[in-house]
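K.L.:
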Amino acid sequence: MHRRIQHLGLATVAALWAMSNAGLAMAGDDRTPATYAVRAKRIYTMADGDTWFVDNGLMLVRDGKIAAIGADIVPPAYTKIIDLGEAVIAPGFVLANSTIVPPHSAPDSVGPQYRAIDAFNPYLTYDRVIAGGVTTAYLNPGNHRLVSGQGAVVKLGAEGDAAILRDDGDLVINLGERAFDPPSIQHWLVPPSSDNVIRPSDVQRPNSRMGQLLELSEWFDGALAGPALTLDDDDAIADDALRDLLRRKVPLRIVADRAIDIEEGLDFANQQRHHCILTGGREIMNVADAVKSTGAAIVLEFPANPRSLFGDLGPGPDVIEDDLEVPAVLRDAMIAVAPPAGAPHADLLYYAGALKAAGLSQRNALAAITSNAARILGVDDRVGQLVEGRDADFVVLGDDPFTRATRVTKVFVDGRLEFDGASLIEGTRVLVRAGHVWMGDHWQSPGAVYVENGRVRSAGPTASSAPFTQVIDAGDDAYVTPGFIDARGHLGLEGDRSAAGADVSIASILYNALPEFHRVAEAGVTTVMTSAYRPGGEGARIAAIHTAGENPDELVVRETAGVLISVRGADAKSVEGRLKGLLGKAKKYDDAWKKYEKELAEYQSKDKKTPETKPAEEEKKKDDNVVVEKPKEDPLTGTWEGEVAGAPLPEPQKFTAKLKLDGDKVSGSFATFFGGGEEIEVKGTFKDKHLDIELELDVPIGKPSVTADLDKPDHMIGQFKIGSRFSFDLEADRTERAVPEIKIKRRRKKKDTEGPQAPPKDASLEPYRALFAGEIAMVVEVEEHRAIEAAIGVLTGEFKVPFVLLNANEANQVAETIVRAKTGVIVRTNPNWRVDDREYVQAPDLSMSGIPIAYQSDAEDGARHLPLRAMYDIQYGLDPTAALSALTGDAARLLKMENDVGYFRPGCRGDFLIFNGPPLAPGSRLERVFVNGKEVLP
Amino acid sequence: MRWRRARFVAALFSLAIMTTSRAALAQTILLQGGKVIPVVGETIEKGDVLIKNGFIEAVAEKVDAPFDATVVDCTDKVIFPGMIDVHTWRGMDQPNESPPLTPFLNVYDAIDPSQLFFEDSLRDGVLSIHITPGDDTVIGGMSRVVHPIGLTPAEMTTAPDIALKLSVTPKNGFDRMRQMATFREAFRKLDEDMKALAEKAYEDKLRKEDKDLDVTPEEAQKRGLELLKPEDTPEKDRNLLMLTQGRLRAFVHCDKAMDVAAGIRLAKEHGFFDQTVFVLGTEAFKAADALKAAGRPVVLSAELVHNETNSLTGEESETFVPKVIDDAGLHFALLRNWGSAMGERYLWYQAARCVREGVSRDHALKAITLWPAEMVGLGHRLGSLEIGKDANVVVLTGDPLDLQSWVEKAYVQGIQVYEQTEDIRLKRLFAAPGDEQGPSTRAEGEATTEDNHEIHKNEYKDKDANPDERPKRERREGRRPRGDRRRRPRGGDPE
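Residue numbers (the numbering used here), protein chains in the order written: chain A, 54 to 991; chain B, 201 to 695.
1) Return no unless some Cβ of chain A is closer than 9 Å to the Cβ of D375 of chain B.
2) Report all residues from its chain with a CB closer than 6 Å to the CB of F318 of chain B; omit the five preceding and five following residues, and keep chain order.
3) Is there a Cβ from chain A that is less than 9 Å from the Cβ of M394 of chain B?
4) Within a Cβ cutoff of 7 Å, which residues of the same chain sit near W646 of chain A, ignoring the five residues on either side of it in sequence?
5) Identify which residue in A:Y404, A:D385, A:M387 has its Cα closest to the Cα of A357 of chain A.
6) Answer yes or no: do P884 of chain A and L947 of chain A have a C-beta to C-beta separation smaller than 9 Å?
7) Once the 5 residues before and after E378 of chain A are set aside, which same chain residues still bring their CB inside 7 Å of it?
8) Using the beta-carbon count (16 or more within 10 Å), is E655 of chain A buried or exposed?
9) Nearest-angstrom Cα distance between Y929 of chain A and T882 of chain A?
10) So the candidates are A:P820, A:S627, A:I183, A:A531; which of them puts its Cα closest to the Cα of L17 of chain A?
11) Ignoring anything shorter than 4 residues or poking outside the segment 907-958 of chain A, list the alpha helix (DSSP H) runs there in chain order.
12) Using DSSP's beta-bridge definition, name the partner residues of Y503 of chain A.
13) Using a cut-off of 8 Å between C-beta atoms, extract the partners of K456 of chain B located in chain A.
14) Within 10 angstroms of its Cβ, does G493 of chain A collect 16 or more other Cβ (buried), or is it exposed?
15) To the nearest whole angstrom, what separates the beta carbons of P303 of chain B and I339 of chain B, a pair I think is in contact under 8 Å?
16) Answer yes or no: do L899 of chain A and A864 of chain A have a C-beta to C-beta separation smaller than 9 Å?
17) For P600 of chain B, I'd like the list of residues in its chain whose CB is within less than 6 Å of its CB, leaving aside the five on either flank, ordered along the chain.
18) Express the C-alpha separation of T152 of chain A and A190 of chain A in angstroms, rounding to a whole number.
19) Note down, in chain order, each residue of its chain lying with its Cβ closer than 7 Å to the Cβ of C961 of chain A, except the 5 sequence neighbours on either side.
20) Using the DSSP secondary-structure output, state which residues sit across from L113 of chain A in a beta bridge.
21) Under 9 Å, Cβ to Cβ, is there at least one residue of chain B near V880 of chain A?
22) Are the C-beta atoms of G81 of chain A and some chain B residue less than 9 Å apart?
23) For K492 of chain B, would you say it is in contact with chain A, using Cβ-to-Cβ distances shorter than 9 Å as the test?
24) Does the beta carbon of A993 of chain A sit closer than 9 Å to a beta carbon anywhere in chain B?
25) Does the Cβ of A130 of chain A have 16 or more other Cβ atoms within 10 Å, making it buried, or fewer, making it exposed?
26) In angstroms, rounded to a whole number, what distance separates the CA positions of G514 of chain B and F146 of chain A?
27) From L230 of chain B to D324 of chain B, what does the alpha carbon distance come to, in whole angstroms?
28) Would you mind telling me which residues of chain B sit closer than 7 Å to G451 of chain A, beta carbon to beta carbon, in chain order?
29) Quick check: is the beta carbon of I238 of chain A nearer than 9 Å to any beta carbon in chain B?
30) Suppose only complete runs of 3+ residues qualify. What are the beta strand (DSSP E) ranges in the segment 813-896 of chain A, listed by chain order?
31) Out of A:L702, A:I226, A:G110, point me to the one whose CA is closest to G164 of chain A's CA.
32) Can A944 of chain A and Y908 of chain A be called in contact, C-beta distance under 9 Å?
33) For the alpha helix (DSSP H) that P144 of chain A lies in, which residues bound it at each end?
34) Could you give the DSSP three-state label for T382 of chain B: helix, strand or coil?
35) Name, please, each residue of chain A whose Cβ falls closer than 7 Å to the Cβ of K400 of chain B.
36) Which runs of the beta strand (DSSP E) at least 3 residues long sit entirely within the segment 217-279 of chain B? Give them in chain order.
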């Protein structure tokens with residue numbers, strides 16, 4: 054009971070909390086100001102005339118209406134301007150046919166009195182439909198009866214009466230099989246009497262094509278002839294409703310798929326001199342000319358449900374073949390597109406695309422879901438176009454409507470934000486497209502890169518992207534490259550020139566958010582391999598850091614990304630000696646760890662197997678843990694057997710206690726339900742016939758204990774308690790006075806020392822384990838050519854570790870050795886120097902010898918000039934492609950960072966640069982820099 | 201009205217389960233020294249209520265006992281107006297007829313006075329019940345207000361022919377398009393019938409005067425309408441006609457928010473908006489703005505909390521409906537939730553929940569007394585302890601919003617109709633095991649002749665006994681009697 058009350062209390066608190074939250078959400082809804090302006094790359098106004106879009110336009114929204122729109126609008130002072138950047142704006146989509154309202158349930162074959170608006174629920178949010186960009190929808194009373202009723206047009210996401218655009222849109226007439234064989238009607242007889250006799254149920258038409266037009270004509274003629282006195286009551290209702298509609302000349306919505314029905318329906322509408330909206334139209338190909346001549350508006354139903362496309366047509370002779378082609382004569386007709394019955398309403402943009410594929414111009418295809426659809430529904434005075442005075446119903450698209458992967462990202466209704474795709478995703482999603490994309494080692498023209506949550510997910514000529522991605526279309530002339538890499542810098546050290554050994558993790562001492570970082574990032578250098586100015590004897594650690602980022606995860610690419618060792622100035626012999634000594638020591642350390650890891654893996658796999666394979670051993674172990682004790686005889690010592698009872702125990706539980714008295718100290722064991730019948734060690738006291746013992750068992754709510762009194766010899770009565778929460782009655786008799794043999798399974802804690810012992814950690818040698826595993830590279834600063842050869846000898850021969858040479862002034866003299874060693878050179882900071890009185894330019898020379906190179910700044914924010922340095926080398930003959938590689942792919946590859954930076958490979962960091970021309974070419978400008986998929990803004 | 205009271209007394213005698221012969225005969229009763237919560241006006245911490253001839257004669261801190269008054273000591277008790285259940289189909293043998301349009305029906309024909317529902321209501325202090333047809337029609341029949349005591353529907357009637365029941369929410373097998381079309385059909389038929397009648401009346405008049413028809417049929421209809429007398433209207437149309445003339449109230453059921461606008465439109469179009477009470481479903485609170493603009497009183501669903509899940513984000517939200525309606529400034533009435541095993545079956549529990557969720561105590565109390573009385577047009581007779589009103593009074597053991605309070609005595613039109621100490625079912629429920637009245641062999645709630653005998657014996661015994669020396673009864677605190685559920689009316693729940 055107590056617990057239940059607690060729960061109720063919690064539920065109440067939860068309910069209150071939820072309510073207060075709901076209240077907050079409601080209060081916070083009206084965030085969009087009454088007057089604001091939106092700016093976008095392109096606004097499709099769908100206006101009549103020649104201009105149907107505005108580029109870099111501004112749309113001023115005031116009180117839910119469009120106040121002004123154009124490229125040269127000057128908004129009033131203090132107007133909030135929402136800059137949508139790359140996005141595109143289009144009018145809210147208009148659904149020209151829908152099943153938002155389910156078909157009515159009445160049996161009448163001709164039921165013009167049924168009104169779709171009656172079934173519309175303005176209090177539903179319609180979020181899924183709105184998420185597809187639909188802001189206006191036609192409500193269809195049903196396609197199941199010859200005359201199913203009056204359609205209506207509503208705005209989704211609008212409030213109250215503002216939601217209803219038209220409550221009597223048109224009269225829906227369904228031709229063909231769908232309306233055949235309506236049920237017969239049984240009339241209610243209230244009250245039944247001799248005057249009001251039971252009649253057989255009324256059979257209704259049509260049952261075939263012969264009947265449908267006959268039935269229609271009879272009704273129409275009857276209605277137009279005036280109220281008939283002979284009609285019975287039920288028909289009179291329909292008759293009245295029909296007369297009213299015909300007098301008002303409402304459009305007839307002829308729903309027909311087969312050519313014959315289309316023709317007949319159009320003829321009928323023509324005879325009645327009503328405007329006709331042809332809906333469905335799957336065989337429109339065959340009667341295109343007839344349709345054209347009547348001037349009917351057309352609501353094409355897309356022939357397949359895109360969310361379940363694979364329906365078989367079957368072998369029947371009556372199947373309607375799918376035909377997506379719109380006949381040429383109709384391409385300029387008033388056409389709207391609508392989803393097929395049963396398909397979701399949110400895919401309107403997809404249908405518009407299909408319509409474009411079917412032969413319509415881009416303008417007409419877009420109009421089919423906006424302006425033309427609105428005109429067909431007769432609501433073009435309110436929606437369908439983004440022109441002054443219309444409702445501010447618009448959608449924000451990630452990209453141009455008919456490019457691939459364009460999604461609706463935001464939807465505004467009456468100027469209010471009704472759907473925001475960004476609210477559905479976490480993190481960042483960026484897709485960049487450009488005429489030329491440098492993949493790190495080759496050009497891709499055109500190319501695309503998709504970055505999700507800071508990492509590249511796909512890249513290539515085109516790229517997949519998730520919904521609600523920010524699309525950056527850099528243009529056909531633009532060049533996109535991975536962010537540049539400074540292969541050796543000191544960014545973040547803030548001028549600290551002291552030496553650091555390999556035991557110092559450089560990333561942990563870095564500062565961030567400094568102006569220096571930003572300077573470097575703005576120049577396009579997104580990754581710096583930072584290390585101490587002077588490495589210690591056992592080398593120094595290199596950290597790969599980003600030049601922009603908001604948190605450690607974004608800022609640190611790899612904490613230990615390399616080992617820097619300097620053997621500058623040493624001769625070949627000592628280079629060899631030093632490297633061998635160092636690597637030998639490191640190798641020993643590494644081997645010790647490898648051995649430990651292997652043993653540990655073996656031990657752990659063995660450990661898992663134990664239960665099945667070694668029960669006997671276990672048994673033996675158990676025996677080892679048994680303590681055999683033999684005390685003397687007294688009032689307590691012996692074996693006690695009894696029962697524990699009381700709520701919440703369902704029934705009394707037996708227990709056995711083996712106790713031993715020593716002075717007034719009690720020890721022994723206790724076996725009961727609690728603890729699974731196992732003998733549990735007990736300790737406590739026995740004084741004046743009062744027993745007070747505790748069970749040595751860790752229970753979260755407190756140790757179980759027994760307090761009991763010996764009310765007579767060999768009988769005790771008392772209580773068994775678990776913590777303070779539970780208390781049971783206990784009663785027991787001594788069954789044996791002999792000193793019990795107490796078997797207690799002592800629960801030994803598993804010691805940490807069990808299993809193989811880990812070798813002691815040596816922080817200085819830790820990075821070498823990664824080095825030997827091939828995860829990071831060794832950067833070796835070496836100058837003289839014999840020293841280079843010696844170093845290569847040690848690093849490729851005995852130890853086989855990835856490495857790259859730093860500075861390597863005389864690398865050109867041992868170029869072949871370097872090429873053979875499949876390594877490269879981080880070129881010196883000064884590009885050229887004099888050798889034998891001649892100008893020597895290192896980068897082009899090495900590159901020509903087939904040695905991959907990388908650039909270093911050997912400075913902090915000096916790294917900002919890295920691209921200038923590459924341009925300088927290009928000036929002196931370096932292949933521009935090699936220069937680009939040196940800043941991106943080659944640098945990453947040499948430093949074993951190719952899965953992190955330098956390339957557009959899935960998993961790499963989403964760092965990219967957008968140039969307006971070929972990178973590193975004079976006249977090209979770096980326009981935008983992204984690090985981790987986030988733009989680095991000035 | 202007095203004649204009815206006499207028959208009432210007879211009924212009380214024969215209804216053995218809860219009568220006290222002493223009280224039934226008393227015409228003047230002074231409830232003395234209790235805490236008086238009159239609903240209208242200030243609470244009197246220690247006051248008297250004088251009942252005379254079935255009406256409330258005086259409410260004051262001190263009322264002198266007239267010479268013939270039966271003085272009832274109410275020290276430490278609370279005197280409260282009888283509560284009102286303003287919308288229920290219970291008490292009838294079946295909530296709905298099957299045809300959609302049945303404005304000519306009357307609940308009178310379906311009330312079953314023997315239902316335990318009435319006994320339960322009495323025990324729970326609900327002394328006025330507005331019985332309406334169920335929700336599963338388009339236009340249901342005529343309702344009436346009854347008190348839960350009496351042998352025949354006529355005896356039970358407090359006021360007949362209160363309102364017509366309309367349901368905007370589709371009946372079973374209908375959808376909204378069909379439902380609304382059916383409404384239009386009903387009103388159109390009425391219109392045509394009336395026109396035809398009027399035309400005929402005018403023609404008859406001319407015929408009597410030996411004249412020929414001298415005007416157009418439209419004009420004849422107009423002139424004839426003035427000649428029509430109410431009794432000329434066929435019974436089939438009479439109620440609906442009264443409704444459109446604003447002479448009858450309408451209880452319009454709107455289960456969903458979307459039905460509210462349609463209901464308002466319907467009422468306005470057909471001239472009964474000013475007589476309309478909206479009966480809401482839980483979700484209908486979303487139309488609070490429309491309801492606020494309409495300003496008509498509403499009956500809230502017995503399920504007071506609305507839960508909803510957002511389809512895109514999956515967020516769940518919970519709304520306490522009466523708070524929203526109260527904030528919109530509307531008068532509302534609370535209903536009993538018969539589907540709940542919890543206290544929601546009691547009007548005071550529902551009111552107490554409202555207070556917990558932030559509705560003022562005054563409004564919560566009015567929502568079970570005065571406001572429902574006003575909704576059925578009986579604000580001048582029921583719903584508060586005011587001089588001149590019907591003496592429908594309950595004496596509670598504590599505050600009406602205290603869940604441990606219960607009804608000790610109940611008076612309908614000045615006659616004591618309930619005495620908790622003599623409630624046979626309660627006795628049996630709370631009897632100690634082994635007690636001769638204990639639930640030993642027979643099923644609970646089954647009153648037999650022996651029992652009745654027993655009661656009478658006790659009555660006579662008690663008559664002479666000092667009330668203070670009555671044997672103490674074993675009670676389990678906080679428990680209320682459970683209604684006998686075996687005898688639910690057929691037909692199921694109309695919702």
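All C-beta atoms in this analysis are idealised placements derived from N, C-alpha and C, irrespective of residue type, glycine included.
P.N.:
Here's the rundown:
1) yes
2) P348
3) no
4) P812, R822
5) A:Y404
6) no
7) M338, A411, G412
8) exposed
9) 15 Å
10) Outside the displayed span of chain A (54 to 991) sits residue 17 of chain A, for which this structure offers no information.
11) 919-928, 933-940, 942-947
12) A:L484, A:S511
13) N174, Y176
14) buried
15) 5 Å
16) yes
17) F280, W548
18) 10 Å
19) R508, V509, N952, D953, V954
20) A:A90, A:A121
21) no
22) For G81 of chain A, the pLDDT reaches just 35, beneath the cut-off of 50, and the residue's location in the model is therefore unreliable, although a value from the coordinates is still provided. With 9 Å as the cut-off, G81 of chain A does not count as an interface residue toward chain B.
23) no
24) What the structure shows of chain A is the stretch from 54 to 991, and residue 993 of chain A is not part of that stretch, so it cannot be assessed.
25) exposed
26) 25 Å
27) 22 Å
28) By Cβ distance, chain B contributes nothing, its closest Cβ being about 18 Å from G451 of chain A, past 7 Å.
29) no
30) 830-835, 856-860, 885-888, 891-894
31) A:I226
32) yes
33) Not the alpha helix (DSSP H): P144 of chain A falls in the beta strand (DSSP E), residues 141-144.
34) helix
35) Result: empty, since nearest Cβ-Cβ is about 15 Å, beyond 7 Å.
36) 228-236, 244-252, 255-260, 270-273
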